[in-house]
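The next block holds one structure in the form of structure tokens; read it before the comments.
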């Protein structure tokens, strides 16, 4: 999960370098950052989406929804890029309220409240066909060393599901082959003490015993 956050932050930062938006002209602001408590997980945010503790999102009092902010922890220099999806914080001195994952990225979980620098760096692109203002990011492509091809995270997950399905099918085929091999074995006859079946008698070239 930490690698995913790092890659997403890198993607957001790269996207901001190529996206010219009016918010880029705004200056860096300094204030306190807080983060969402666990009780808010799954609740609706002001833009209509649901808050997820593992998302890189935040609340800001005035900036438009979808604005990308670079948040820097002044005490340790750690940074994260987040998307505005909610309104707040409304406490004195607070300028941004971060998701749990974003707070973890800048190492502020233990402190709870830290001094940060917040800089608008762009806007997340809108999802085509959506009218509710929801935004999304293009999927990052990662290299497959075995083939030399690049795949998105969605493609990686689909390939993993296909591989699991293929493994299950192969296991089922092995079980079926073992069952058929077992059922196709020649039957074994056993001669009971003082009793001889007609089949065993024929095998020995003797006439079967006649019923009295």
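In my numbering, the protein residues as written are 2 to 213. We treat Cβ as the ideally placed atom computed from N, Cα and C, and that holds for glycine.
query: Residue environment, residue 113, which counts as buried when at least 16 other CB atoms sit within 10 Å; result: exposed
query: Range covered by the beta strand (DSSP E) that runs through residue 60; result: 58-60
query: Paired residues, beta bridge with residue 74 - DSSP; result: 117
query: Neighbour-count burial assignment, residue 41, 16 or more Cβ in a 10 Å radius; result: buried
query: Boundaries of the beta strand (DSSP E) in which residue 84 is found, first to last residue; result: 80-87
query: Close beta carbons around residue 56, own chain, < 7 Å, minus the five adjacent residues each side; result: 100, 102
query: Simplified DSSP state of residue 134, which is helix, strand or coil; result: Low per-residue confidence applies at residue 134: pLDDT is 46, beneath 50, and the placement is therefore not dependable, though the value from the model is reported in the following sentence. It is coil, neither helix nor strand.
query: Three-state class that DSSP yields for residue 184 in the structure shown; result: helix
query: Residue from 149, 104, 184, 169 whose Cα sits closest to the Cα of residue 36; result: 104
query: Nearest residue (CA-CA) to residue 97, options 111, 51, 53, 120; result: 120
query: Assumed close pair residue 291, residue 118 - CB separation to whole angstroms, cut-off 8 Å; result: This structure cannot speak to residue 291, because the chain is shown only from 2 to 213.
query: CA-to-CA distance, residue 92 to residue 53, given in whole angstroms; result: 22 Å
query: Residue 168 in three-state terms, based on DSSP; result: helix
query: Which listed residue (60, 148, 182) has its alpha carbon closest to that of residue 45; result: 60
query: Spatial neighbours of residue 94 in its chain, beta-carbon cut-off 7 Å, leaving aside the 5 residues before and after; result: 32, 33
query: Residue range of the unbroken beta strand (DSSP E) whose run includes residue 34; result: 30-36
query: Unbroken alpha helix (DSSP H) run spanning residue 112, endpoints; result: Taken as a continuous stretch (DSSP letters only), residue 112 belongs to no alpha helix (DSSP H), as it is neither H nor E.
query: Closest by C-alpha distance to residue 39, when choosing among 110, 67, 74; result: 110
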